[in-house]
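To start, the structure itself, in structure tokens.
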Amino acid sequence: MKHLDDLKLQYNHITGLGQTIEDKTYINIIIASLPLSYHPTIDALSTSIDTQNKIGTTLGTNYVPVLTSA
Numbered sequence: 001m002k003h004l005d006d007l008k009l010q011y012n013h014i015t016g017l018g019q020t021i022e023d024k025t026y027i028n029i030i031i032a033s034l035p036l037s038y039h040p041t042i043d044a045l046s047t048s049i050d051t052q053n054k055i056g057t058t059l060g061t062n063y064v065p066v067l068t069s070a
């Protein structure tokens, strides 16, 4: 997918200049850049992750980080 390749090139350029981009920030940039047609899928995944984290908090473990969509 050319769009993701372009984002990766920009990421490599910025990090090559010595800047740090956290993984979760990069993930959120990718999610925010996706077309509206992806929003139902993003919302479903985010809800699932949030639910797993709530269960994990109750059990004393954390499965996966919560991702946010723009």
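Residue numbers (this note's numbering): 1 to 70. Note that the Cβ used here is the ideal one computed from N, Cα and C, for glycine as well. Every value quoted in this text rests on a predicted model; they were computed, and no experiment measured them.
Between the alpha carbons of Gln52 and Ala44, how many angstroms are there, rounded? To locate residue 52, count along the sequence shown from 1; it is residue 52. To locate residue 44, count along the sequence shown from 1; it is residue 44. For Gln52 and Ala44, the distance between alpha carbons rounds to 12 Å.
The alpha helix (DSSP H) enclosing Tyr38, as first and last residue numbers: Counting from 1 along the sequence shown, the entry for residue 38 is found at position 38. Counting along the chain, Tyr38 falls outside any alpha helix (DSSP H), and DSSP gives it neither H nor E.
Simplified DSSP state of Gly16, which is helix, strand or coil: In the sequence shown, counting from the first residue as 1, residue 16 sits at position 16. If DSSP states are grouped into helix, strand and coil, Gly16 belongs with the helices.
Nearest to Tyr26 (by Cα), restricted to the options Ser37, Pro35, Ile14 and Leu36: By one-based count along the sequence shown, residue 26 stands at place 26. Taking only the C-alpha atoms, the option nearest Tyr26 is Ile14.
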